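**Student:** Take a look at the following structure, please.
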Amino acid sequence: MTDRRTFLAGSAATLGLATLAGCSSDGKDSGTGAESDTVPGPASAKPAVARREDRPNLVVILADDLGYGEVGAYGQKIINTPRIDRLATEGLRFTSAYSPAPVCAPSRCSLLTGLHSGHATVRQNPFHAPQGSLTANDTTFAEVLRARGYRTAVIGKWGFGPEQVGQPSHPNSRGFEEFYGYISHRHAHSYYPSYLWHNGEEVPLDGKTYAPDLITARALDFIAGHADEPFLLYLAPTVPHAPSDVPEFGEYAHEPWPDADKGHAAQVAYFDTLVGQVADKLTALGIAHDTVVLVASDNGPHEEGGVDPDRFDANGPLRGYKRNLYEGGIRTPLIAWGPGRIAAGTTDRPTPLTDLLPTLADLAGAPAPTDIDGLSAAPLLSGDAKAAAARHDALYFYRNDPASTPRANAQDKGRIRRLAEAVRQDDWKLVRFAPGRDRTAPDAQWSAELYRLSTDLGEAQDLAASNPRKVAELVSVARSAWVDDYRRKPFGVRIVSFPEGRFTGEEFTLEAVLGNGSSRVWTDARLTLIAPDGWQVHALTQSRAPRLPAGASLATRWRLTPPAPAPADAWQLRAVGTARTTGKASLRYETTRTLGKPRTTGRV
């Protein structure tokens, strides 16, 4: 088995840092050593470990553009998906789960942060401009779980630029110790890339290797390397996103279809096989009973690259495709599987993927931010038939996308390039279109449609004219859901005062904040600053607090003097915050900032 200390090459492990002012005695590094550019194959199985009653392993597997009706458990008849279907039979199948947005980048931002697209940092795909980025103020579910001792990895498509290390939008900066795959949205469109990223390094490839195979091997190896400790794996393969590239068409090779459709069917089958490989690895290692697996998609089915989604009835009984705010564009398969933990069954609770962050936090016993839009669905996963999870008053969706495809545009009646919003409240669904791309246009200039999903799942009968009060009510919900600059409560550790540029022997001050943005009281809170060897560091303010109530923060300032002359590489400083919460569980948050210009490839 690959040793986890050589497998992980997290940022904290490769900095060569020394602990200086106010270091906590219970601090830990993320790992030591860097890994070579070769991609390891799956590790051999290890003996079963004793069942953990708390902190189950958590695996989130996210397909790219997989439609609601593209797996057998949701009605697919042409493409075979036996492994996903089995998980759906053995686990909990959600029939009213939602992608947070009808396109990739905003959907994934909301999934990671628990904020809907009226509050999230990334709210749309790029308009021929640099890729949208996460910020230092974004808290991902990886940061939440890492604070409770989880080993964390994102393998596959990250989807947020720039392709630059040492900046807040890099996955290593947002709670993921291990990253392998694509950083940017556009790079992920290549199935035979010339490189992939491993943490902060580009891994050269020959342009002939099928990237999903590398992603699969890396994911299975990560699972094997952490069978004896709690881990979070966010596995985001790029299938079945266009183009329909596959090494072979497999069982669909002899179908009388265009190659694009053969390739698409093979990609869906590939995703099904990947899900099965993950389940098999967990079972072989004896840790399936200690694991919760969630399988979903980032938005509805695509029609790009010549694919005909209607051939496969990819949206099932729903209206719309990728980019539409009708149900076919945003409703997603969602399956929760955990042998001995999750009872078999179905639920019709409207469940957006913004619920992942609080759900994962509850399963891990970790505090979560209170200013998110997601609600925990963990009670549904408890195996208790009488358990009930909180329900949303309303769900909000936003669409402002530069692209257009024929079927999606037809569903929007030629309005695909207009800004649009949707609200679901109970069984009512509002879809409305702005006159252009101006969200501030008066409501009278928007066109609104209203549907009753309980009797019209296909959204065929517009009830807006006969229900003006309900339309007005839901328009008001949409208006209130949008905040131009959504200000967050401090949560975890943030460096809030930091000099720009590079300093040599010049004294400066730095301030970090440990924010308890959760609903729990934290005790024995402390802040630590970790700097490179040779630095002089002096704490100017208190770095400990015996009690940190919900909503409170601990702020500490340090005076630092770097050595002269400056080293060749950029300097990095790490702030670490520790505390204890309910049941004396320990928490550890950290953030790293680069002093000097981060190394970049010039890509965005």
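Residue numbering for the sequence shown is 2 to 605, as defined by the working numbering.
Just so you know, even glycine gets a beta-carbon here, dropped at the ideal spot from N, CA and C.
Just so we're clear, the structure is a prediction, and the values are computed from it rather than from any experiment.
Would Leu-541 and Asp-374 be called neighbours here (beta carbons separated by less than 8 Å)?
**Tutor:** Taking the sequence shown and counting its residues from 1, one reaches residue 541 at position 540. Taking the sequence shown and counting its residues from 1, one reaches residue 374 at position 373. No, the pair does not count as a contact, with Cβ atoms beyond the cut-off.
**Student:** Do you know offhand how far Arg-124's Cα is from Pro-107's?
**Tutor:** In the sequence shown, the residue the question calls residue 124 occupies position 123. In the sequence shown, the residue the question calls residue 107 occupies position 106. The alpha-carbon atoms of Arg-124 and Pro-107 are separated by roughly 5 Å.
**Student:** CA-CA distance, Ala-102 and Asp-299?
**Tutor:** As a working mapping, residue 102 is identified with position 101 in the sequence shown. As a working mapping, residue 299 is identified with position 298 in the sequence shown. Taking the straight line from one Cα to the other gives about 8 Å.
**Student:** CA-CA distance, Val-294 and Val-60?
**Tutor:** Position 293 of the sequence shown, counted from the first residue, corresponds to residue 294. Position 59 of the sequence shown, counted from the first residue, corresponds to residue 60. Val-294 and Val-60: Cα-Cα distance of roughly 5 Å.
**Student:** Give the DSSP bridge partners of Asn-325, in chain order.
**Tutor:** Counting from one through the sequence shown, the residue named residue 325 turns up at place 324. According to DSSP, Asn-325 bridges with nothing at all.
**Student:** List the DSSP bridge partners of Leu-59.
**Tutor:** Taking the sequence shown and counting its residues from 1, one reaches residue 59 at position 58. Partner(s): Leu-233 and Val-293.
**Student:** By Cβ distance below 8 Å, which residues in the same chain neighbour Gly-1 in space, the five residues on each side in sequence not counted?
**Tutor:** Examination of residue 1 is not possible in this model, given that the chain is present from 2 through 605 alone.
**Student:** From what residue to what residue does the beta strand (DSSP E) around Thr-593 run?
**Tutor:** Here residue 593 is taken as the residue at index 592 of the sequence shown, counted from 1. From DSSP, the beta strand (DSSP E) with Thr-593 extends over 587-596.
**Student:** Going by the beta-carbon positions, is the gap between Arg-400 and Arg-324 smaller than 8 Å?
**Tutor:** By one-based count along the sequence shown, residue 400 stands at place 399. By one-based count along the sequence shown, residue 324 stands at place 323. Result yes, Cβ atoms of Arg-400 and Arg-324 sit closer than 8 Å.
**Student:** State the CB to CB distance for the pair Thr-557 and Leu-528, rounded to an integer number of angstroms; the pair is presumed to be in contact (CB under 8 Å).
**Tutor:** Indexing the sequence shown from 1 puts residue 557 at position 556. Indexing the sequence shown from 1 puts residue 528 at position 527. The pair is a contact, with the Cβ atoms about 4 Å apart (cut-off 8 Å).
**Student:** Below 8 Å on the Cβ atoms is my guess for Pro-491 versus Val-514; work out the distance and round it to an integer in Å.
**Tutor:** By 1-based counting over the sequence shown, the position of residue 491 is 490. By 1-based counting over the sequence shown, the position of residue 514 is 513. Right, the Cβ-Cβ distance comes to about 5 Å (below 8 Å), so this counts as a contact.
**Student:** Which value, in whole angstroms, describes the spacing of the CA atoms of Gln-168 and Leu-135?
**Tutor:** As a working note, residue 168 is residue 167 in the sequence shown. As a working note, residue 135 is residue 134 in the sequence shown. When rounded, the distance between both Cα atoms is 10 Å.
**Student:** Could you tell me if Ser-185 is buried or exposed, where buried requires 16 or more neighbouring beta carbons within 10 angstroms of its beta carbon?
**Tutor:** Working through the sequence shown from its first residue, we reach residue 185 at position 184. Under this definition Ser-185 is a buried residue.
**Student:** Given that a residue counts as buried once 16 or more other Cβ atoms are within 10 Å of its Cβ, and exposed if not, what is Thr-510?
**Tutor:** By 1-based counting over the sequence shown, the position of residue 510 is 509. So Thr-510 ends up on the exposed side.
**Student:** Only counting runs of 3 or more residues, tell me where the beta strand (DSSP E) segments fall wholly within the segment 71-159, in order along the chain.
**Tutor:** Listed in chain order, they are 93-99 and 152-158.
**Student:** Which of the three DSSP states is assigned to Ser-298 in this structure?
**Tutor:** Taking the first residue of the sequence shown as position 1, residue 298 is located at position 297. Ser-298 falls in the strand class under three-state DSSP.
**Student:** Where does Pro-163 sit, in a helix, a strand or coil, going by DSSP?
**Tutor:** Here residue 163 refers to the residue found at position 162 of the sequence shown. DSSP places Pro-163 in coil when its eight states are reduced to three.
**Student:** Suppose the cutoff is 7 Å on Cβ atoms and the five residues either side in sequence are ignored; what does the same chain contact list for Gln-446 look like?
**Tutor:** Residue numbering aside, residue 446 sits at position 445 when the sequence shown is read from its first letter. These residues qualify, in order along the chain: Pro-436.
**Student:** Taking 8 Å as the cut-off, decide whether the C-beta atoms of Arg-328 and Leu-451 are in contact.
**Tutor:** Locating residue 328 in the sequence shown gives position 327, where the first residue counts as 1. Locating residue 451 in the sequence shown gives position 450, where the first residue counts as 1. Before going on, a small fix: residue 328 reads as Glu here, not Arg. Contact flag unset, no.
**Student:** When the Cα of Phe-499 is compared with those of Trp-572, Asp-356 and Ser-544, which residue comes out closest?
**Tutor:** Taking the first residue of the sequence shown as 1, we reach residue 499 at position 498. Closest option to Phe-499, Cα to Cα, is Trp-572.
**Student:** Quick check: the Cα distance between Ala-365 and Val-145, rounded to an integer number of angstroms?
**Tutor:** One-based indexing of the sequence shown puts residue 365 at position 364. One-based indexing of the sequence shown puts residue 145 at position 144. Roughly 9 Å between the two C-alpha positions.
**Student:** In the DSSP output, what is Arg-470 paired with across the bridge?
**Tutor:** Here residue 470 refers to the residue found at position 469 of the sequence shown. DSSP lists no partner for Arg-470.
**Student:** Restricting to Cα atoms, I'd like to know which of Ala-532, Arg-470, Leu-431 and Arg-488 is closest to Ala-461.
**Tutor:** Against the sequence shown, residue 461 aligns to sequence position 460. Here the closest residue by C-alpha is Leu-431.
**Student:** From the DSSP output, in three-state form, read off Gly-330 for me.
**Tutor:** Here residue 330 corresponds to residue number 329 of the sequence shown, with the count starting at 1. Correct three-state label for Gly-330: helix.
**Student:** Once you ignore the five residues that flank Arg-453 on each side, which residues in its own chain have a CB closer than 7 Å to its CB?
**Tutor:** Within the sequence shown, residue 453 is the residue found at index 452, counting from 1. Closer than 7 Å at Cβ, skipping near neighbours: Asp-428, Trp-429 and Leu-464.
**Student:** How is Phe-434 classed by DSSP in three states: helix, strand or coil?
**Tutor:** Walking along the sequence shown from the start, residue 434 turns up at place 433. In the structure shown, Phe-434 sits in a strand (DSSP, three-state: E or B).
**Student:** Please report the Cβ distance between Asn-58 and Pro-231, rounded to the nearest whole angstrom; I am assuming they are in contact, meaning their Cβ atoms lie under 8 Å.
**Tutor:** Working through the sequence shown from its first residue, we reach residue 58 at position 57. Working through the sequence shown from its first residue, we reach residue 231 at position 230. That pair is a contact at about 6 Å.
**Student:** Is the number of C-beta pairs between the segment 305-316 and the segment 71-78 that are closer than 8 Å three or more?
**Tutor:** The segment 305-316, when compared against the segment 71-78, does touch it at the 8 Å Cβ threshold.
**Student:** Rounding to the nearest angstrom, what Cα-Cα distance links Ser-118 and Val-247 in this structure?
**Tutor:** If you number the sequence shown from 1, residue 118 lands on position 117. If you number the sequence shown from 1, residue 247 lands on position 246. Ser-118 and Val-247: Cα-Cα distance of roughly 33 Å.
**Student:** Ignoring anything shorter than 3 residues, give me the beta strand (DSSP E) runs that lie fully in the segment 331-361, in order along the chain.
**Tutor:** Listed in chain order, they are 332-338 and 346-348.
**Student:** Can you tell me whether Ser-477 is buried or exposed? The criterion is at least 16 other CB atoms within 10 Å of its CB, across all chains shown.
**Tutor:** Your numbering for residue 477 matches position 476 in the sequence shown. It counts as exposed.
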